[in-house]
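Participant:
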Amino acid sequence: MTTPAERYAAFRQKFGDDGAALRSFRGLYDFPLDDFQIDACRALEAGDGVLVAAPTGSGKTVVGEFAVHLALEQGLKCFYTTPIKALSNQKYNDLVKRYGTGKVGLLTGDNSINGEAPIVVMTTEVLRNMLYAGSATLSGLGFVVMDEVHYLADRFRGAVWEEVIIHLPESVRLVALSATVSNAEEFGEWLGAVRGDTTVIVDEHRPVPLWQHMMVGKRIYDMFITDDLTPRINPTLMRVTRDAERLMAGRGRRGYGRVPRSRPPDRVQVIEKLDAEGLMPAITFIFSRAGCDAAVQQCLYAGIRLTSDRERHEIRQIVDERTAHLPDEDLAVLGYLEWREGLERGLAAHHAGMLPAFKEVVEELFTRGLVKAVFATETLALGINMPARTVVIEKLDKWNGETHADLTPGEYTQLTGRAGRRGIDVEGHAVVLWQPGMDPLSVAGLAGTRTYPLRSSFQPSYNMAVNLVGQFGRERARALLEESFAQFQADRAVVGLAKQLRKHEEALEGYQEAMTCHLGDFAEYAALRRRLSDREAELSRQRGAARRAAAARSLEALQPGDVIRVPGGRRAGLAIVLDVSRNPRGHGPSPLVLTIGKQVKKLDPSDFPVPVEPLEKVRIPKNFNSRSPKERANLVSTLMAKIGDRDLGKPPRVRDHTVEDPEVNDLRRQIRQHPCHGCDEREDHARWAERYYKLLRETEGLRRRVEGRSHVISRTFDRICSVLQQLGYLRGETVTDEGRRLGRLYTELDLLTAECLRNGLWEDLDPAELAACVSALVFESRASDDTRRPKIPAGKAQDALSAMIRLWGELEGIESDHGLSTIREPDLGFAWAAYRWTKGHSLDAVLMDGVGGNELAAGDFVRWIKQLMDLLGQLGNAAPEGSKIRQTSVKAMDAMRRGVVAYSSLN
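Residues in the sequence shown are numbered consecutively from 0, following numbering that gives the first Met the number 0.
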């Protein structure tokens, strides 16, 4: 039994450092706060900014909620920023439940609710735009919470986070909430440099322990076992996977025999096993939208049912209520009944191709524990609060838009961070499905590594430049950009490079001494040998370039129907030319061909070491569809019938004819006549000289890197300002009227958009035509090798799109003159869909027509339409007085805001 004095002492020890705000804040929760949460809240109440880096699901947002509480206590405003609208909506609803609608506002691209409230939830871009516009809403701002601040590494949007951090008024305290990153101290140091006193709180402890497993065949094995408190790879798992590899390899050689029990499990077996082991609810990460949808179908066909009658009734009620606003004809197009059937059985997909309303229903049902198995792409791991007991990872590589890349330790940590629900699960589980060729040691390495460094993606843009110059002038703007995290990291790297440079210079002195020759100047002799080697290499390159140029010319001369021979590589053999076009990245002609193996491939000059000549000609049917296997097979059969048994001879070979070069002959003569040529230790000296010159090249490269990283951001800013000066957006330190219009356009292609406005390309367009043209500035195709040209509206829209492409070419040339390359080509892939939707066509018709001949996913369609509406709204604000675009853009937005597009999660 403790005395009152002892109890009071314990109270003082535990709460003695709490201020009044933190003591009242604790009373809002029915659970005790963790140490890292308390430390962060105390620092915040003491007047510091804070950076909190902690694992997913650890409760970082409690610190953000304390900033909201503190602002209200002190009569100040708090802005709570998130990277995505769904997160903003989620946070808005949470705060409304606590403080009521009168005290909480929401500002996103879709919603504007009570924007002058003391607490406003918003996307980070909205706050950036407020700062540049000098919005009156910033008055009285005391705190800004930046949730998921590690988004500043995102190469498309990351710069926005740094812009906000740099430009916030000094009086505002920043609360930065981040996933666990390995360089949190470095990031915190930068925050301290630009924002003042910042306390860094790093907590790597997971509130719910995570167990790592691997499923081999139909059994789940622990990945690690613990001996004397030291975890090591499970030897049983190593033995089982070795046996499985042997069995699979043996079966492959025999080509028959029973299927080994260790064959990788299918999705149905995985779900059945997890359910039997009590490991539900589970999220299975499949790095393909089609794979997620197929997984649900496979489970449905197998008759899996994970819900009770009561749960099924509750699910149907919620689904019907949440989708009541969607038109019946659209629901039929969206596969509503199949989707609801899956939900009622406790199964769902979750990916960016789904309608936002459908995704939100899945999130709600999963969070309530009604949906037990979700098959998701990796986008679910970012931000949305959707924890599970178990996370399953099907494969350890994913398509990143260019190639199949292995998961990084950071990505693996983020995916598995969803496992383990705080307050519900005693432990979380991560299960990797074993595949042939998968090494448990490498998976254990992924699971045991916590390297996830935060790397800045900051780059000045044209919009940023005119806004900064307008507010601060060029010199102050340049100084502000030097404060970016990108420059901070570059300067840090320069320190290490400079140290390496000094070591190289010391080593060069030693190498120079070792190559000294008593007969003469060996450095001079070595330089002659190097000049000879370089000249011979240059001649070889020239011959190779001439061959490639000849090959490119021969490809340009090809016509559809030409039969050619691809000399080597994976595409070797006969092929029929289907279409002749240029490589979209500007690397010469890129004909589309049908190979003898019935595959459609794009070729380029690198496939042809020698010029190509047509061997034969076949007629391609007028309405030939390269996507149809039957039509491809028929065309190949036509080719085979035409060629018959004819001997086409051997493929031409590359022949290099050495040409006498006077410079080579002269260098050889000088080498023979040099005194050092007769030295007995000549080759020994030469080896030291080779090392010397190799290290000299590396040293010069290091020196260039040091120079290149110093002031890199401000140099880019100066080049951007030079372009703006040439085009009339800046006049010295003054921003022109055109520049102020550019300052209101927050889009990746900001300069091209401003130039289109200034040149009046869209003045005479109707709303649908304007939507088609502006879509080219926001849309980016997912696949770069679409075999069909995009369909675009005829008439004025077609003329305007052609003019936009010409204007882009001119701007690209101007950028090149100034050492820049920031403006991508407009993408016409969405123009037809945007045009038809604005014209009032049905969702079914628009999705079926799709992009480049591929059916369009509903989620992608809604996302691109909303981005298009956002830019149209900006155009309406930025267009000059008297411009027709002011009214046309509003009419276009009104025409698009219908059906699935009009839906808001706050309805």
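Heads up, the beta-carbon is just placed ideally off N, CA and C, and yes, glycines get one too.
Which of helix, strand or coil does DSSP assign to Phe223?
Facilitator: Strand at Phe223.
Participant: Going by DSSP, what residues sit across from Asp396 in a beta bridge?
Facilitator: In DSSP, Asp396 forms a bridge with Asp405.
Participant: Could you check where the alpha helix (DSSP H) with Phe716 kicks off and where it finishes?
Facilitator: Here the alpha helix (DSSP H) through Phe716 covers 711-726.
Participant: Work out the CA separation of Ala901 and Leu842 for me, nearest whole Å.
Facilitator: If I take the Cα positions, the gap works out to 13 Å.
Participant: When you compare the stretch 677-684 with the stretch 515-530, are there three or more beta-carbon pairs, one atom per stretch, that lie closer than 8 Å?
Facilitator: Yes, since at least three Cβ pairs between the stretch 677-684 and the stretch 515-530 fall closer than 8 Å, the two stretches touch.
Participant: Taking the alpha carbon of Arg172 as the reference point, which residue from Asn233, Leu531, Thr197, Val148 has its own alpha carbon closest?
Facilitator: Nearest option by C-alpha distance: Thr197.
Participant: Whole-angstrom Cβ separation of Trp761 and Ile884, contact assumed at under 8 Å?
Facilitator: With 8 Å as the limit, Trp761 and Ile884 qualify as a contact, their Cβ atoms being about 6 Å apart.
Participant: For Val734 and Glu706, what's the separation of their Cα atoms in angstroms?
Facilitator: When rounded, the distance between both Cα atoms is 31 Å.
Participant: Opposite Asn853 in the DSSP bridges: which residues?
Facilitator: According to DSSP, Asn853 bridges with Val850.
Participant: Starting from the N-terminal side, write out each stretch of the beta strand (DSSP E) that is 3 residues or longer and does not extend beyond the stretch 103-147.
Facilitator: Qualifying beta strand (DSSP E) stretches, in chain order: 103-106, 118-122, 140-145.
Participant: Looking at Gln297 and Arg266, is the spacing between their C-beta atoms short of 8 Å?
Facilitator: Yes, they are a contact pair.
Participant: Alpha carbon to alpha carbon, how far is Gly108 from Val180?
Facilitator: Cα-Cα distance, rounded: 29 Å.
Participant: Can you tell me where the beta strand (DSSP E) holding Ser177 begins and where it ends?
Facilitator: Start and end: 172-177.
Participant: Could you pull out every residue in the same chain whose Cβ sits closer than 7 Å to the Cβ of Leu701, ignoring the five residues on either side in sequence?
Facilitator: The answer, listed in chain order, is Leu496, Gln499, Leu500, His503.
Participant: Would you report the Cα separation of Arg569 and Gly596, rounded to the nearest angstrom?
Facilitator: Whole-angstrom Cα-Cα distance: 11 Å.
Participant: Can the beta-carbon of Val332 be found less than 8 Å from the beta-carbon of Leu751?
Facilitator: In this structure, Leu751 does not lie closer than 8 Å to Val332 by Cβ.
Participant: Could you pull the start and end residues of the beta strand (DSSP E) that Tyr79 belongs to?
Facilitator: From DSSP, the beta strand (DSSP E) with Tyr79 extends over 76-81.
Participant: Could you tell me which residues DSSP pairs with Arg564 in its beta bridges?
Facilitator: For Arg564, which the question treats as bridged, DSSP gives the partners Leu573.
Participant: According to DSSP, is Met84 helix, strand or coil?
Facilitator: Note that residue 84 is Lys in the sequence shown here, rather than Met. Looking at Lys84 - three-state DSSP - the assignment turns out to be helix.
Participant: Considering only their Cβ atoms, is the gap separating Val711 from Ala489 smaller than 8 Å?
Facilitator: Going by C-beta atoms, Ala489 is nearer than 8 Å to Val711.
Participant: Report buried or exposed for Tyr411, applying the criterion of at least 16 other Cβ atoms within 10 angstroms of its Cβ.
Facilitator: Per the 10 Å Cβ criterion, buried.
Participant: Going by DSSP, what residues sit across from His428 in a beta bridge?
Facilitator: Partner(s): Trp210, Thr389.
Participant: Between the Cα of Lys397 and the Cα atoms of Pro620, Gly409, Glu377, which residue gives the shortest distance?
Facilitator: If we check each option's Cα against that of Lys397, Glu377 comes out closest.
Participant: Just the C-alpha distance for Val617 and Thr637, rounded to the nearest angstrom, thanks.
Facilitator: Computed Cα separation, rounded: 8 Å.
Participant: For Leu810 versus Glu754, is the C-beta distance shorter than 8 Å?
Facilitator: Yes, these two residues count as a Cβ contact at 8 Å.
Participant: Determine the closest residue to Arg823 out of Gln866, Leu867, Ala832, Ala775, with distance taken between C-alpha atoms.
Facilitator: Nearest C-alpha to Arg823: Ala775.
Participant: Span of the beta strand (DSSP E) holding Lys59?
Facilitator: Taken as a continuous stretch (DSSP letters only), Lys59 belongs to no beta strand (DSSP E), as it is neither H nor E.
Participant: Which residue marks the beginning of the alpha helix (DSSP H) containing Phe24, and which one marks its end?
Facilitator: Here the alpha helix (DSSP H) through Phe24 covers 19-25.
Participant: Among Ala351, Glu481, Ala281, Arg309, which one has its Cα closest to the Cα of Val430?
Facilitator: Here the closest residue by C-alpha is Ala281.
Participant: Using 8 Å as the cut-off, can you tell me whether the stretch 410-426 makes contact with the stretch 317-337, which would need three or more C-beta pairs spanning the two stretches below that distance?
Facilitator: Flag = no, the stretch 410-426 and the stretch 317-337 do not touch.
Participant: My output table needs one value for Val67: the three-state DSSP class, helix, strand or coil.
Facilitator: Three-state DSSP puts Val67 in a helix.
Participant: Val215 and Gly427 - do their beta-carbons sit closer together than 8 Å?
Facilitator: No, the pair does not count as a contact, with Cβ atoms beyond the cut-off.
Participant: Opposite Ala347 in the DSSP bridges: which residues?
Facilitator: Note: Ala347 sits in a beta bridge opposite Val373.
Participant: If the criterion is Cβ atoms closer than 8 Å, does the pair Arg626 and Leu593 meet it?
Facilitator: Contact: no.
Participant: State whether the stretch 38-54 contacts the stretch 152-166, with contact taken as three or more CB pairs (one from each stretch) at a distance under 8 Å.
Facilitator: Touching, no.
Participant: To the nearest angstrom, how far is the alpha carbon of Lys641 from that of Glu854?
Facilitator: In a straight line, the C-alpha of Lys641 is about 36 Å away from that of Glu854.
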